[in-house]
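Heads up, the thing below is written out as structure tokens.
2 protein chains.
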Amino acid sequence: MVLGPVTEPEADAGLEPADGARLSAMPSLAKSLHGELLARLRDYIVEGNLAVGARVPERMLCERFGISRTPLREALKVLASEGLIELLPNRGARVRQLGAEELVDLFDVMGGLEALAGRLACEKITPAAYDEIERLHHEMYGCYMRRDLHGYFACNQAIHDRIVQAADNEPLRASYANFAGRLRRVRYSANLDENRDRWGEAMREHEEILDALRRRAGNELSDILFGHLRNKRRAAAGRETTCPPDAGVAS
Amino acid sequence: MVLGPVTEPEADAGLEPADGARLSAMPSLAKSLHGELLARLRDYIVEGNLAVGARVPERMLCERFGISRTPLREALKVLASEGLIELLPNRGARVRQLGAEELVDLFDVMGGLEALAGRLACEKITPAAYDEIERLHHEMYGCYMRRDLHGYFACNQAIHDRIVQAADNEPLRASYANFAGRLRRVRYSANLDENRDRWGEAMREHEEILDALRRRAGNELSDILFGHLRNKRRAAAGRETTCPPDAGVAS
DNA sequence: GAGCAGAAAATTGCATTCATTTTTTGAGAG
DNA sequence: CTCTCAAAAAATGAATGCAATTTTCTGCTC
Numbered sequence: 001m002v003l004g005p006v007t008e009p010e011a012d013a014g015l016e017p018a019d020g021a022r023l024s025a026m027p028s029l030a031k032s033l034h035g036e037l038l039a040r041l042r043d044y045i046v047e048g049n050l051a052v053g054a055r056v057p058e059r060m061l062c063e064r065f066g067i068s069r070t071p072l073r074e075a076l077k078v079l080a081s082e083g084l085i086e087l088l089p090n091r092g093a094r095v096r097q098l099g100a101e102e103l104v105d106l107f108d109v110m111g112g113l114e115a116l117a118g119r120l121a122c123e124k125i126t127p128a129a130y131d132e133i134e135r136l137h138h139e140m141y142g143c144y145m146r147r148d149l150h151g152y153f154a155c156n157q158a159i160h161d162r163i164v165q166a167a168d169n170e171p172l173r174a175s176y177a178n179f180a181g182r183l184r185r186v187r188y189s190a191n192l193d194e195n196r197d198r199w200g201e202a203m204r205e206h207e208e209i210l211d212a213l214r215r216r217a218g219n220e221l222s223d224i225l226f227g228h229l230r231n232k233r234r235a236a237a238g239r240e241t242t243c244p245p246d247a248g249v250a251s
Numbered sequence: 001m002v003l004g005p006v007t008e009p010e011a012d013a014g015l016e017p018a019d020g021a022r023l024s025a026m027p028s029l030a031k032s033l034h035g036e037l038l039a040r041l042r043d044y045i046v047e048g049n050l051a052v053g054a055r056v057p058e059r060m061l062c063e064r065f066g067i068s069r070t071p072l073r074e075a076l077k078v079l080a081s082e083g084l085i086e087l088l089p090n091r092g093a094r095v096r097q098l099g100a101e102e103l104v105d106l107f108d109v110m111g112g113l114e115a116l117a118g119r120l121a122c123e124k125i126t127p128a129a130y131d132e133i134e135r136l137h138h139e140m141y142g143c144y145m146r147r148d149l150h151g152y153f154a155c156n157q158a159i160h161d162r163i164v165q166a167a168d169n170e171p172l173r174a175s176y177a178n179f180a181g182r183l184r185r186v187r188y189s190a191n192l193d194e195n196r197d198r199w200g201e202a203m204r205e206h207e208e209i210l211d212a213l214r215r216r217a218g219n220e221l222s223d224i225l226f227g228h229l230r231n232k233r234r235a236a237a238g239r240e241t242t243c244p245p246d247a248g249v250a251s
């Protein structure tokens, strides 16, 4: 049984990485209706189709996805446990408001997870995987020189993803994806175009990242990655807004 | 903080935090039936009342908890998303088997989270909270000298908990509790009594931990904590067993 | 006795129904 | 006109019902 088509125009941000890996990891969710619905509902919310703080209308979502309330409610409980929505007793689900302080906390956790990924990657990465990251790094540098923001973002994301992959730790990968998903809801327009300093700084940090990874210096890479995320957070601070469907996440 | 009465003097490497905070953090789950059931069911499984790999019998659990299948199934979905059980399409839920490699991965994630907690604690800890940790450290040292394994574990756990608390980061706390819960299912008999070397080593590592925390040396503390967990993992390696349906696991 | 086809029983996934709570509506008082 | 309070409407939380799949049991063949 296939879910009904979503009738809404549904502006696609285009830059976000299609998170299909989430399913492949959990055999539980691979092809069940529940898994499918969960992914679709998560995307629906992450993409900002529901106003933050607004009630999540079960009835409407039911007819939108062409299912009854039972599986929908199951999915809502899971999304609540992921921190995406909030379940108020007898008052339904609400899209969780990300306060500034929680945003900061989430950035720190992402930093911690990246730091861990870097540490583990230094232990486990294969030469081939390292070469690929090096290649991406140079490609990213090319984008930087060319002021190709879009390409830069794509490479940047690919590099961080590869590091997490290289860590070869499934629970870490899942947790990372979870937190990345939560942050994806937020559009902090760290527009590097208007923030030349940060762009250059980020590029230099990436040089350090590559260098530490080349030397398999786990502790060092760990610190650099955490600091990298901290700086990214700082660059984004104060500019975060709720999610109009557009614009990618900058580094 | 009052830990539940640990009925067994037995072998607990001591990384499990008492997880009572899980509910208080999520207003969603605070007092709803769903939240209550979720916690109860999680405990039920974590405590080993169900054989690993065995099918989770919905019907039996329904009458055991006095509810119908709907809320039970909602809880199962959530537990599946937490990684505690596995949902096979049309074949029900099974208690997830923790393979040796996943156990290792979970230890590493715990190490990464503790490393992050240490880093953040160095930035945010209050003098009072530090003093309390120092007090616990000395108390733990006393236990060590006295060969009071039970007291040692309690202090050890309290210290790690305080560090996470001091990090003052709710998403981190929740994630930490989640992973700790998953590991709690496993009884790795890192019996320090028969492993004097490891005990002394662990005690020395704790000296370093306290020292780095005193100096608010985040990067350093981060490395030490990760290494600490690595060594704990090493000490436990090969001795882990699955949890027989009995014997409350030391909290 | 081992192996296998087929039916009965149990189990799962989802829809529907029901009781309770919340929210909205509307009439009347001030 | 605004506020209050009661009743209607809607939404939530959980139980039950039903079709589809899986598992178990039975009886037959070899």
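Chains A and B are the protein sequences, given in the same order. For the first sequence, counting from 1, position 154 maps to 154 in the UniProt record's numbering; every step adds exactly one. For the second sequence, counting from 1, position 74 maps to 74 in the UniProt record's numbering; every step adds exactly one. Backbone N, C-alpha and C define an ideal beta-carbon position, used for all residues, glycine too.
Legend entry - Backbone CA spacing between residue 39 of chain B and residue 161 of chain A [nearest angstrom]: The sequence position of residue 39 of chain B within the second sequence is 39, counting from 1. The sequence position of residue 161 of chain A within the first sequence is 161, counting from 1. Cα to Cα, residue 39 of chain B sits roughly 33 Å from residue 161 of chain A.
Legend entry - Per-residue DSSP class, three states only, for residue 95 of chain A: Numbered from 1 along the first sequence, position 95 holds the residue referred to as residue 95 of chain A. The answer is strand: DSSP assigns residue 95 of chain A an E or B state.
Inset, instruction - Express the C-alpha separation of residue 198 of chain A and residue 235 of chain A in angstroms, rounding to a whole number. - result: Position 235 of the first sequence, counting from 1, holds the residue named residue 235 of chain A. Position 198 of the first sequence, counting from 1, holds the residue named residue 198 of chain A. About 7 Å.
Inset, instruction - Verify the CB distance criterion: does residue 68 of chain A have a CB-CB separation below 8 Å to chain B? - result: By 1-based counting over the first sequence, the position of residue 68 of chain A is 68. No, its Cβ sits nowhere closer than 8 Å to a Cβ of chain B.
Inset, instruction - Quick one: grab the DSSP three-state call for residue 125 of chain B. - result: As a working note, residue 125 of chain B is residue 125 in the second sequence. In this structure, residue 125 of chain B counts as coil in the three-state DSSP scheme.
Inset, instruction - Determine the chain B residues that contact residue 281 of chain A at a beta-carbon separation under 8 Å, and present them in chain order. - result: Examination of residue 281 of chain A is not possible in this model, given that chain A is present from 1 through 251 alone.
Inset, instruction - Using three-state DSSP, classify residue 328 of chain B as helix, strand or coil. - result: Missing from the structure shown is residue 328 of chain B; chain B here goes from 1 to 251 and no further.
Legend entry - alpha helix (DSSP H) segment containing residue 209 of chain B, residue limits: Within the second sequence, residue 209 of chain B is the residue found at index 209, counting from 1. Residue 209 of chain B -> alpha helix (DSSP H) spans 196 to 214.
Inset, instruction - Decide if the stretch 82 to 101 of chain A is in contact with the stretch 51 to 64 of chain A; the criterion is three or more beta carbon pairs, one per stretch, under 8 Å apart. - result: yes
Legend entry - Short-range partners of chain B found in the stretch 135 to 169 of chain A, where Cβ spacing is below 7 Å: 169
Inset, instruction - Assuming residue 167 of chain B and residue 120 of chain B form a contact by the criterion Cβ under 8 Å, report the distance between their Cβ atoms to the nearest whole angstrom. - result: Here residue 167 of chain B refers to the residue found at position 167 of the second sequence. Here residue 120 of chain B refers to the residue found at position 120 of the second sequence. Yes, they are in contact, since the Cβ atoms of residue 167 of chain B and residue 120 of chain B sit about 4 Å apart, within 8 Å.
Legend entry - chain A contact for residue 121 of chain B (CB, 8 Å cutoff): Taking the first residue of the second sequence as 1, we reach residue 121 of chain B at position 121. No - not a single Cβ of chain A is within 8 Å of the one on residue 121 of chain B.
Inset, instruction - Check the Cβ of residue 184 of chain A against every Cβ in chain B and list those closer than 8 Å, keeping chain order. - result: Here residue 184 of chain A is taken as the residue at index 184 of the first sequence, counted from 1. Result: empty, since nearest Cβ-Cβ is about 15 Å, beyond 8 Å.
Legend entry - Residues that residue 87 of chain B bridges to, as DSSP identifies them: In the second sequence, counting from the first residue as 1, residue 87 of chain B sits at position 87. Residue 87 of chain B is bridged to B:93.
Inset, instruction - State buried or exposed for residue 233 of chain B, treating a residue as buried only when at least 16 other CB atoms are found within 10 Å of its CB. - result: Indexing the second sequence from 1 puts residue 233 of chain B at position 233. It counts as buried.
Inset, instruction - Please determine if the stretch 128 to 143 of chain A and the stretch 136 to 148 of chain B are in contact, where contact requires at least 3 C-beta pairs separated by less than 8 Å. - result: no
Inset, instruction - Could you check if residue 183 of chain B is buried or exposed, using at least 16 other CB atoms within 10 Å of its CB as the buried criterion? - result: Sequence index remark: in the second sequence, residue 183 of chain B carries index 183 (1-based). When all chains shown are included, residue 183 of chain B counts as buried.
Inset, instruction - Using beta-carbon positions only, say whether residue 106 of chain B and residue 109 of chain A come within less than 8 Å of one another. - result: Mapped onto the second sequence, residue 106 of chain B falls at position 106. Mapped onto the first sequence, residue 109 of chain A falls at position 109. No; because the gap between Cβ atoms is not below 8 Å, this pair is not in contact.
Inset, instruction - Could you check the C-alpha separation between residue 217 of chain A and residue 74 of chain B for me, to the nearest Å? - result: Your numbering for residue 217 of chain A matches position 217 in the first sequence. Your numbering for residue 74 of chain B matches position 74 in the second sequence. So the two alpha carbons sit approximately 44 Å from each other.
Legend entry - Backbone CA spacing between residue 127 of chain B and residue 133 of chain A [nearest angstrom]: Looking up residue 127 of chain B in the second sequence gives position 127. Looking up residue 133 of chain A in the first sequence gives position 133. Rounded to the nearest angstrom, the two C-alpha atoms are 43 Å apart.
Legend entry - Residue range of the alpha helix (DSSP H) that includes residue 50 of chain B: The count along the second sequence starts at 1 and reaches residue 50 of chain B at position 50. Looking at the DSSP string, residue 50 of chain B is not in any alpha helix (DSSP H), and its letter there is neither H nor E.
Legend entry - Terminal residues of the alpha helix (DSSP H) in which residue 222 of chain B lies: Your numbering for residue 222 of chain B matches position 222 in the second sequence. Start and end: 218 to 236.
Legend entry - Nonlocal neighbours in the same chain, by C-beta distance under 6 Å from residue 209 of chain B, ignoring five residues either side: Taking the second sequence and counting its residues from 1, one reaches residue 209 of chain B at position 209. Within the same chain, residue 209 of chain B has close Cβ partners 224.
Inset, instruction - Could you check if residue 150 of chain A is buried or exposed, using at least 16 other CB atoms within 10 Å of its CB as the buried criterion? - result: Locating residue 150 of chain A in the first sequence gives position 150, where the first residue counts as 1. Residue 150 of chain A comes out exposed.
Inset, instruction - Indicate whether at least one CB of chain B lies closer than 8 Å to the CB of residue 22 of chain A. - result: Locating residue 22 of chain A in the first sequence gives position 22, where the first residue counts as 1. Any answer about residue 22 of chain A is weak, because its pLDDT of 44 lies below 50 and its placement is not dependable; what the coordinates show is given next. No, residue 22 of chain A lies away from the interface with chain B (no Cβ there is under 8 Å from its Cβ).
Inset, instruction - Starting from residue 78 of chain B, follow the alpha helix (DSSP H) in both directions and report where the run begins and ends. - result: The residue labelled residue 78 of chain B in the question sits at position 78 within the second sequence. Residue 78 of chain B -> alpha helix (DSSP H) spans 69 to 81.
Legend entry - Cα-Cα separation between residue 81 of chain A and residue 32 of chain B, rounded to whole angstroms: For the purposes of this step, residue 81 of chain A is identified with residue 81 of the first sequence, where counting begins at 1. For the purposes of this step, residue 32 of chain B is identified with residue 32 of the second sequence, where counting begins at 1. Spanning the two alpha carbons is a distance of roughly 14 Å.
Inset, instruction - Give the straight-line distance between the Cα atoms of residue 215 of chain A and residue 122 of chain A, rounded to the nearest whole angstrom. - result: Looking up residue 215 of chain A in the first sequence gives position 215. Looking up residue 122 of chain A in the first sequence gives position 122. Their Cα atoms are separated by approximately 8 Å.
Inset, instruction - Taking only the alpha-carbon atoms, compute the straight-line gap between residue 41 of chain A and residue 181 of chain A and give it to the nearest angstrom. - result: To locate residue 41 of chain A, count along the first sequence from 1; it is residue 41. To locate residue 181 of chain A, count along the first sequence from 1; it is residue 181. About 13 Å.
Inset, instruction - Note down, in chain order, all residues in the stretch 222 to 235 of chain A with a beta-carbon under 8 Å from any beta-carbon belonging to chain B. - result: 222, 223, 226
Inset, instruction - Using a Cβ cut-off of 8 Å (strictly closer), state whether residue 74 of chain B contacts chain A. - result: For the purposes of this step, residue 74 of chain B is taken as residue 74 along the second sequence, with counting starting at 1. Chain A, which has a Cβ nearer than 8 Å to the Cβ of residue 74 of chain B, makes this yes.
Legend entry - Straight-line gap, residue 237 of chain B to residue 186 of chain B (C-alpha atoms, nearest Å): In the second sequence, residue 237 of chain B corresponds to position 237, counting from 1. In the second sequence, residue 186 of chain B corresponds to position 186, counting from 1. For residue 237 of chain B and residue 186 of chain B, the distance between alpha carbons rounds to 12 Å.
Inset, instruction - Using a Cβ cut-off of 8 Å (strictly closer), state whether residue 98 of chain B contacts chain A. - result: Position 98 of the second sequence, counted from the first residue, corresponds to residue 98 of chain B. Cβ-Cβ to chain A under 8 Å: no for residue 98 of chain B.
Inset, instruction - Kindly indicate if chain B contains any beta-carbon less than 8 Å away from that of residue 116 of chain A. - result: Your numbering for residue 116 of chain A matches position 116 in the first sequence. Residue 116 of chain A counts as touching chain B.
Legend entry - residue 175 of chain B, DSSP secondary structure in three states: Numbered from its first residue, the second sequence carries residue 175 of chain B at position 175. Correct three-state label for residue 175 of chain B: helix.
Inset, instruction - Report back the beta-carbon spacing between residue 156 of chain A and residue 201 of chain A to the nearest angstrom; my notes put them in contact at under 8 Å. - result: Along the first sequence, read from residue 1 onward, the residue named residue 156 of chain A stands at position 156. Along the first sequence, read from residue 1 onward, the residue named residue 201 of chain A stands at position 201. Residue 156 of chain A to residue 201 of chain A, Cβ: 13 Å. No contact.
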